[in-house]
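Enquirer:
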Amino acid sequence: MRSNPPSSTLIGIASCVASFLAGVAYADGFVRGSSRGPGIAVFTRSTDVQRIEFAPDGEHFDVVIEDPSLSIYDVVVLADGALLIAREAHNDRTQASAVKVTRVLGKDHREVTLPRSPMFSDAHFTSNGDHVVLANAGGAFRSEDGGRSWTRAGAWKADGYAFYAASLWLDDAGAIDVLAPVFNTCGSSDLLEDLTRLKLDPSGVASRSRLSYDKLDGPWSAAVGRHGFLYSTSHFPDGCALRVHARGETKTIDPGGADFGGPCYVTSQDNGRFNVLQFGSRLFRANGASVTYLGDGGEEILDAYPDNRGRALVLHRDGRVVRHGSKAEPVLVKAARP
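Throughout the sequence shown, residue numbering follows this note's numbering, covering 1 to 338 in sequence.
#1: Express the C-alpha separation of PRO338 and ASP48 in angstroms, rounding to a whole number.
#2: If you pair each beta-carbon of the region 251-266 with each one of the region 323-334, do three or more pairs fall below 8 Å?
#3: With a CB to CB cut of under 8 Å and the five nearest residues on each side skipped, what residues in its chain are close to PRO202?
#4: Kindly indicate which three-state DSSP category GLY139 falls into: helix, strand or coil?
#5: Cα-Cα, which of VAL101, ALA79, GLY81 and GLY58 is closest to GLU88?
#6: Are the Cβ atoms of VAL112 and TRP150 separated by less than 8 Å?
#7: Mapping DSSP to helix, strand and coil, what is GLY228?
#8: What residue from PRO181, LYS199 and GLY129 has the CA that sits closest to ALA153's CA?
#9: Could you name the residues that DSSP lists as bridge partners for ASN287?
#10: Given this structure, state the Cα-to-Cα distance separating HIS316 from LEU211, to the nearest angstrom.
#11: Spatial neighbours of GLY297 within its chain, please: C-beta separation below 6 Å, excluding the five flanking residues on both sides.
#12: Three-state secondary structure (DSSP) at ASP194?
#13: Between which two residues does the beta strand (DSSP E) carrying ARG247 extend?
#14: Tell me which residue opens and which closes the beta strand (DSSP E) that SER268 is part of.
#15: Return the bridge partner residues of TYR73 from the DSSP annotation.
#16: Rounding to the nearest angstrom, what Cα-Cα distance links ASN308 and ALA123 in this structure?
#17: Quick one, are the C-beta atoms of PHE125 and LEU84 less than 8 Å apart?
#18: Ends of the beta strand (DSSP E) at GLU300?
#19: Is it buried or exposed, LEU230, if we count other Cβ atoms within 10 angstroms and call 16 or more buried?
#20: Checking 8 Å against the spacing of the C-beta atoms, do VAL64 and ALA82 come in under that value?
#21: Return the Cβ separation of LEU114 and VAL132 in integer angstroms, given the expectation that the two are a contact with Cβ distance under 8 Å.
#22: Rounded to the nearest angstrom, how far is the Cβ of SER234 from that of SER167, given a contact under 8 Å?
#23: For my contact list, GLY239 and GLY257 are in at a C-beta cut-off of 8 Å; report their separation, rounded to the angstrom.
#24: Taking the beta carbon of ASP108 as the centre, do at least 16 other beta carbons fall within 10 Å, making it buried, or is it exposed?
#25: Report, in whole angstroms, the separation of the C-beta atoms of ALA246 and ASP254, which I expect to be a contact under 8 Å.
#26: Taking all protein chains shown into account, decide if LYS334 is buried (16 or more other Cβ within 10 angstroms of its Cβ) or exposed.
#27: Given a cut-off of 8 Å, decide if VAL31 and ASP303 are closer than it, judged by their beta-carbon atoms.
#28: Across which residues does DSSP place TRP169 in a beta bridge pair?
#29: Exposed or buried, which one is LEU78 when buried takes at least 16 other CB atoms within 10 Å?
#30: Give the range of the beta strand (DSSP E) segment to which GLY325 is assigned.
#31: Could you tell me which of ASN271, GLY288 and ILE301 sits nearest to GLN278, measuring between CA atoms?
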């Protein structure tokens with residue numbers, strides 16, 4: 001029997017076909033770290049509240065937002081320490097497709113409402129220094145001044161019923177690279193049906209391609225990382241393997257094995273300097289085909305994201321945030337919720 005992705009990543013209440021997109025924005029929680037400074041942000045969702053906590057120093061967390069009525073799409077901590085929050089326009093049902101972006105830096109709070117965009121019901125950040133992109137199933141907006149002002153970067157149309165946050169990478173030139181896998185959830189297990197690659201160059205020209213399922217050795221999940229490298233998982237009777245694909249070649253990063261723990265899926269998160277892969281419960285720092293093992297995150301991981309030194313920040317279901325590095329024991333960054 002195939003290992004399923006986490007239930008929070010499955011979309012499609014009204015249909016069997018669902019988008020399973022790495023770094024899912026409507027998960028029960030996610031963690032974000034700055035590429036240059038110590039700042040860490042944590043989003044958690046429960047039945048009665050949605051909460052964003054922010055520690056500019058990486059240690060002392062304060063609540064920035066606590067509201068059960070908001071639809072939080074994503075947050076990002078920029079290199080200068082600013083926190084960006086993307087959420088649905090609050091209590092304005094006629095503007096349900098609009099997104100408000102709030103920039104928080106110390107006591108300075110600035111808010112921008114982005115124009116309507118087709119299918120703009122979900123959104124995901126990716127950043128590279130002061131250059132920030134907010135992408136969704138209809139296209140993307142970009143900011144080159146740390147989220148103070150925004151312009152439309154271009155348009156595309158992604159498969160699936162929502163863009164719950166695909167794996168994205170923003171290169172130094174400003175090109176946006178997105179991988180959006182689509183799963184069929186009709187049966188007792190979730191089957192990968194489609195892999196769509198979306199690219200947007202700095203001038204706004206978009207391209208769309210469908211990746212060959214067979215050329216990726218029949219993956220069960222896939223994500224894009226730095227320099228456009230693709231990572232995928234494949235299931236075998238005795239375990240699950242993690243692979244990297246580039247220039248027509250495939251390399252096995254982790255053969256999994258009989259003791260492999262967790263679902264057979266991979267997520268990829270990039271903060272503009274470092275890329276972290278979560279493979280089941282195993283954590284890696286990846287730079288193209290070069291991969292470093294950071295440890296095992298254990299059970300009930302909601303999200304894994306790189307910090308400013310390329311270590312993995314891991315958010316657990318109980319609210320704990322634990323830092324994993326290749327040459328040190330795991331460190332508790334944030335305690336579990338009371």
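Backbone N, C-alpha and C fix where the C-beta goes; we use that ideal spot for every residue, glycine too.
Expert: Put simply:
#1: Taking the first residue of the sequence shown as position 1, residue 48 is located at position 48. Taking the first residue of the sequence shown as position 1, residue 338 is located at position 338. So the alpha carbons of these two residues sit roughly 15 Å apart.
#2: no
#3: Stepping through the sequence shown from its first residue, residue 202 is reached at position 202. Excluding residues within five positions, the ones whose Cβ falls inside 8 Å are ALA173, GLY174 and ALA175.
#4: Residue mapping note: residue 139 aligns to position 139 of the sequence shown, counting from 1. Correct three-state label for GLY139: strand.
#5: Translated into the one-based positions of the sequence shown, residue 88 becomes position 88. It is VAL101 whose Cα lies nearest to the Cα of GLU88.
#6: Looking up residue 112 in the sequence shown gives position 112. Looking up residue 150 in the sequence shown gives position 150. Yes, Cβ-Cβ distance for VAL112 and TRP150 is below 8 Å.
#7: Indexing the sequence shown from 1 puts residue 228 at position 228. If DSSP states are grouped into helix, strand and coil, GLY228 belongs with the helices.
#8: Counting from one through the sequence shown, the residue named residue 153 turns up at place 153. Selected option, being the one with the closest Cα: LYS199.
#9: Taking the sequence shown and counting its residues from 1, one reaches residue 287 at position 287. Looking at the DSSP assignment, ASN287 forms a beta bridge with SER290.
#10: Locating residue 316 in the sequence shown gives position 316, counting from the first residue. Locating residue 211 in the sequence shown gives position 211, counting from the first residue. Near 32 Å, if we compare the C-alpha coordinates of LEU211 and HIS316.
#11: Position 297 of the sequence shown, counted from the first residue, corresponds to residue 297. Hits under 6 Å: SER281, LEU283 and VAL314.
#12: Taking the first residue of the sequence shown as 1, we reach residue 194 at position 194. Strand, per DSSP.
#13: Mapped onto the sequence shown, residue 247 falls at position 247. It is not in any beta strand (DSSP E) - ARG247 carries neither H nor E in the DSSP assignment.
#14: As a first step, residue 268 must be located in the sequence shown, where it is residue number 268. Counting along the chain, the beta strand (DSSP E) containing SER268 begins and ends at 266-270.
#15: Counted from its first residue, the sequence shown places residue 73 at position 73. When DSSP reads this structure, TYR73 sits in no beta bridge, so it has no partner.
#16: What you label residue 308 is simply residue 308 of the sequence shown in a count that begins at 1. What you label residue 123 is simply residue 123 of the sequence shown in a count that begins at 1. Cα to Cα, the separation comes out at about 24 Å.
#17: As a position in the sequence shown, residue 125 is number 125, starting the count at 1. As a position in the sequence shown, residue 84 is number 84, starting the count at 1. In contact: PHE125 and LEU84 (Cβ atoms closer than 8 Å).
#18: The residue given as residue 300 occupies position 300 in the sequence shown. Segment: none, GLU300 is in no beta strand (DSSP E) and carries neither H nor E.
#19: By 1-based counting over the sequence shown, the position of residue 230 is 230. Answer is buried; the Cβ neighbour count reaches 16.
#20: Your numbering for residue 64 matches position 64 in the sequence shown. Your numbering for residue 82 matches position 82 in the sequence shown. No Cβ-Cβ contact shorter than 8 Å links VAL64 with ALA82.
#21: The sequence position of residue 114 within the sequence shown is 114, counting from 1. The sequence position of residue 132 within the sequence shown is 132, counting from 1. 12 Å between Cβ atoms; not a contact.
#22: Numbered from 1 along the sequence shown, position 234 holds the residue referred to as residue 234. Numbered from 1 along the sequence shown, position 167 holds the residue referred to as residue 167. Contact flag wrong, Cβ pair sits at about 17 Å.
#23: In the sequence shown, counting from the first residue as 1, residue 239 sits at position 239. In the sequence shown, counting from the first residue as 1, residue 257 sits at position 257. Right, their Cβ atoms sit about 5 Å apart.
#24: In the sequence shown, the residue the question calls residue 108 occupies position 108. The residue is exposed, with fewer than 16 neighbouring Cβ atoms inside 10 Å.
#25: Residue 246 sits at position 246 when you count from the first residue of the sequence shown. Residue 254 sits at position 254 when you count from the first residue of the sequence shown. Going by Cβ atoms, the distance from ALA246 to ASP254 rounds to 17 Å, so no, they are not a contact pair.
#26: The residue given as residue 334 occupies position 334 in the sequence shown. Label assigned to LYS334: buried.
#27: The sequence position of residue 303 within the sequence shown is 303, counting from 1. The sequence position of residue 31 within the sequence shown is 31, counting from 1. In contact: ASP303 and VAL31 (Cβ atoms closer than 8 Å).
#28: On the sequence shown, position 169 is the one that residue 169 refers to. Paired residue(s): ASP177.
#29: Against the sequence shown, residue 78 aligns to sequence position 78. LEU78 comes out buried.
#30: Taking the sequence shown and counting its residues from 1, one reaches residue 325 at position 325. That run of the beta strand (DSSP E) goes 321-325.
#31: The residue you call residue 278 lines up with position 278 of the sequence shown. Cα-wise, what sits closest to GLN278 is ILE301.
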